[in-house]
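For reference, each letter of the sequence shown is one residue, going 12 to 395 in the numbering used here.
Note that the Cβ used here is the ideal one computed from N, Cα and C, for glycine as well.
Owing to the predicted nature of the structure, the values given are computational and were not obtained by experimental measurement.
Here the structure is laid out as structure tokens; the discussion comes afterwards.
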Amino acid sequence: MMRKRIAVALLLITGALYERPGGSQTAPTVRIGLTQNAPTVSIRSAQPFTVQQNQTRTAKFTMVVALDPAAANRVLTRADLQYRPIVEIDGGRIVVVPKNERVRIDLQGNAGIDVDNRTYRGSIEVFGNSRNTFTVVNELPLEDYLLGVVPNELSPTTFAELEALKAQAVAARTYVVRNMGQSKNEGYDICASDACQVYMGQGSELPLSTQAVTETRGVIATYKDQPINALYSSTCGGRTEDAENIFDEKLPYLVSTICEYKHPVPLAFSTSRSFPDWKDAVLEVAGVSNFSEAQHFMGLAVRGEPASSDLTTLASFIRQSFFPNVLTSSDLSFLTEQGILSSSDQIPLKEILFRLVDKKAAFEWQQGVLISWDGTTMRLLVEG
């Protein structure tokens with residue numbers, strides 16, 4: 012997610028993946044899955060490239076349905092219909108590409124390649140997949156990849172601090188090294204979205220973040236001589252969580268720690284329900300019995316299991332306990348900077364359930380309005 016803030020500090024000895032600035036060793040390459048389900052793909056470049064031995068500066072990939080010639084003059088079945096990739100190049104020419112063939116586009120020097128109006132360094136591969144859509148892969152040196160990651164995970168425009176950007180660069184580099192090849196069955200190493208790390212290519216690069224990547228070249232965070240699981244997040248509900256409460260694995264570098272929300276002016280809010288009403292509603296609906304060190308909601312007494320494993324229970328608990336007539340906005344927000352959401356702010360239930368599970372904590376509200384509720388005290392970050 013853009014404009015992320017690093018939620019934890021890496022207090023670890025860092026290791027050199029390859030030589031530091033000034034060294035001659037070449038950085039490894041990485042394959043980034045830009046998209047995995049594209050019905051069409053448009054590519055262009057100021058420098059000519061080739062598609063099936065045809066030179067062009069533009070290429071539009073489309074998957075079409077073709078008929079097996081042997082099926083003429085008889086009733087058709089689905090097996091007779093075959094998907095075929097075609098490419099429209101300069102001058103309206105059409106090139107038919109074998110279904111299992113990968114079209115690779117390499118340019119000389121540092122010329123950028125535009126893929127669906129976004130510019131990338133390195134090479135581009137386009138190929139059909141089992142879903143009869145296109146997968147697009149950007150292959151480039153790891154350090155060049157980071158130039159398009161760091162400014163999108165920690166914006167130099169919003170957070171113009173070189174040392175913070177260096178920390179983000181080390182975290183991002185460590186993350187990709189540890190997770191290299193996790194999507195090899197799909198034809199790439201790692202994705203380009205916030206499911207992995209946000210990568211937006213050459214067009215998103217900024218001078219300060221580029222400096223941070225350059226000055227930390229090859230540096231990763233390690234534990235027992237292995238890259239750490241370098242997780243970071245855009246939001247924090249006042250305290251991070253212990254690794255074992257999320258991943259069932261205890262890690263000394265992923266422990267619960269305070270992360271205060273720092274805002275220059277406290278944000279006021281109002282509510283139509285008093286604190287006693289909140290407390291009574293919680294006790295009546297669920298009877299919370301289990302909290303982690305971070306005071307995050309961990310389970311329901313009547314269920315005997317973490318609520319995050321039961322979508323219906325977790326969603327019901329949240330909605331019935333707090334503002335039963337109001338659905339949430341992004342990031343589990345019952346309260347926003349503008350106040351309580353109205354009925355016109357509703358979003359689809361499926362999206363709510365996804366976000367509830369994704370955040371792993373029932374009490375993380377936007378802007379850190381509610382830190383936690385431990386059965387007795389509700390702690391708030393915001394005055395008003």
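Residue i versus residue j: straight-line alpha-carbon distance, rounded
i, j, result
"Arg85", "Asp91", "11 Å"
"Arg68", "Thr146", "20 Å"
"Val114", "Phe138", "6 Å"
"Tyr243", "Ser215", "20 Å"
"Arg132", "Asp155", "7 Å"
"Thr268", "Thr251", "5 Å"
"Val181", "Pro80", "56 Å"
"Gly44", "Leu153", "14 Å"
"Gln93", "Leu78", "6 Å"
"Asn140", "Thr46", "11 Å"
"Ala183", "Ile135", "22 Å"
"Pro59", "Glu99", "15 Å"
"Thr225", "Asp101", "38 Å"
"Ile116", "Thr185", "28 Å"
"Glu197", "Arg142", "11 Å"
"Arg104", "Met74", "16 Å"
"Glu164", "Val230", "18 Å"
"Thr88", "Ala241", "50 Å"
"Leu176", "Asp259", "30 Å"
"Arg228", "Val41", "15 Å"
"Val76", "Pro50", "12 Å"
"Thr233", "Leu151", "24 Å"
"Asn48", "Thr130", "19 Å"
"Glu112", "Thr144", "13 Å"
"Arg95", "Gln179", "42 Å"
Bridge partners - residue i, DSSP secondary structure assignment
i, result
"Ile134", "A small correction: the amino acid at residue 134 is Ser; Ile does not occupy that position in the sequence shown. Glu150, per the DSSP bridge assignment."
"Thr8", "It is not possible to answer for residue 8, since the shown part of the chain is limited to 12 through 395."
"Gly139", "Phe145"
"Asn65", "Val62"
"Ile269", "Arg250"
"Ile116", "Ile135"
"Ile201", "Ile43"
For residue i, the three-state DSSP class (helix, strand or coil)
i, result
"Ala77", "strand"
"Ser53", "strand"
"Pro263", "coil"
"Tyr234", "strand"
"Arg85", "coil"
"Asp397", "Absent from the structure is residue 397, since the part of the chain shown begins at 12 and ends at 395."
"Phe170", "coil"
"Pro39", "coil"
"Ala70", "strand"
"Asn196", "helix"
"Leu278", "Its pLDDT being 49, under 50, Leu278 is placed unreliably in this model, and the coordinates cannot settle the point."
"Tyr243", "coil"
"Gly214", "helix"
"Asp155", "helix"
Host beta strand (DSSP E) of residue i (start-end)
i, result
"Leu92", "92–100"
"Val209", "Per DSSP, Val209 belongs to no beta strand (DSSP E) and is neither H nor E."
"Val108", "Val108 -> no beta strand (DSSP E), and no H or E assigned at all."
Where the alpha helix (DSSP H) through residue i begins and ends
i, result
"Arg189", "173–189"
"Val402", "With the chain covering only 12 through 395, there is no way to say anything about residue 402."
"Ile257", "255–258"
"Thr221", "218–226"
**OP:** Examine the Cβ distances between the region 184–194 and the region 98–108 and report whether three or more of them are shorter than 8 Å.
**Re:** Because the criterion of three Cβ pairs below 8 Å is not met, the region 184–194 and the region 98–108 do not touch.
**OP:** Kindly confirm or deny that the region 199–217 and the region 250–258 touch, where touching means at least three C-beta pairs closer than 8 Å.
**Re:** Judged by Cβ distances under 8 Å, the region 199–217 makes no contact with the region 250–258, as fewer than three pairs qualify.
**OP:** Indicate whether the contact test is met: 3 or more Cβ pairs, each with one atom in the region 167–182 and one in the region 59–77, closer than 8 Å.
**Re:** Cβ pair count under 8 Å is below three, so no.
Subject >> Any 3 or more C-beta pairs closer than 8 Å across the region 220–231 and the region 196–205 >> reply: No, the region 220–231 is not in contact with the region 196–205.
Subject >> Cβ contact check for the region 232–246 and the region 178–189: 3 or more pairs under 8 Å >> reply: In short, these stretches touch, since the Cβ pair count reaches three.
Original post:
On the three-pair Cβ rule with 8 Å, is the region 123–135 touching the region 53–60?
Top reply: Three or more beta-carbon pairs separated by less than 8 Å link the region 123–135 to the region 53–60, which places the two stretches in contact.
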